[in-house]
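**Student:**
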Amino acid sequence: MTEQLFAEMLNLGDKWEVSKLEVLAEQSCIEVTIKDTAKLLEGMECPCCKRTDLIIKDHANERLWDHLQMWTYKTVLKCRLPRALCKSCKKTWTIRAPWEGVINIPVKTLRISLDPHASYARVK
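490 is the number of the first residue of the sequence shown in the numbering used here; add one for each residue after it.
(1) By Cβ distance below 7 Å, which residues in the same chain neighbour Lys504 in space, the five residues on each side in sequence not counted?
(2) In angstroms with no decimal places, state the Cα-to-Cα distance between Lys567 and Val521.
(3) Do you know offhand how far Leu499's Cα is from Leu510's?
(4) DSSP state of Leu570, grouped into three classes?
(5) Would the segment 532 to 544 count as touching the segment 552 to 561 if we require 3 or more Cβ pairs under 8 Å?
(6) Spatial neighbours of Lys613 within its chain, please: C-beta separation below 7 Å, excluding the five flanking residues on both sides.
(7) At the level of alpha carbons, what is the spacing between Thr491 and Glu497?
(8) Based on Cα-Cα distance, which residue from Glu515, Arg585 and Gly502 lies nearest to Trp554?
(9) Relative to the alpha-carbon of Arg572, which residue among Glu589, Gln493, His548 and Ala514 has its alpha-carbon at the smallest distance?
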């Protein structure tokens, strides 16, 4: 349940999932481990030849991203980004993380996820 809530708040869709959630109270940190799903390559094309005959070749070393703070806790996203291989032209590339450089949490979605029965007043 908690992993699903974080996946929704991060707007991961069905191509990525939260595989582990760890609260490190002593460091005031929440670590969110994200991994790709079997649907990752659906609809993706090679950036070189535009073909869609792709496979996951391997995964890069684990990377860390600082994310929005949750209350008094620092939030860190952890992921080993997949590297795709085009079977046609043999190009290999690291697939970009959809959370990189964007804040994509609609406030209404976040409020509903946290408390679906609460009422909120608009700030003017």
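Even for Gly, the Cβ is constructed at its ideal location relative to N, Cα and C.
**Tutor:** In brief:
(1) Asp525, Thr526, Lys528 and Leu529
(2) 6 Å
(3) Answer to the nearest angstrom: the Cα atoms are 13 Å apart.
(4) coil
(5) no
(6) Its pLDDT being 47, under 50, Lys613 is placed unreliably in this model, and the value from its coordinates should be taken loosely. Correct list: empty, nothing qualifies.
(7) 10 Å
(8) Arg585
(9) His548
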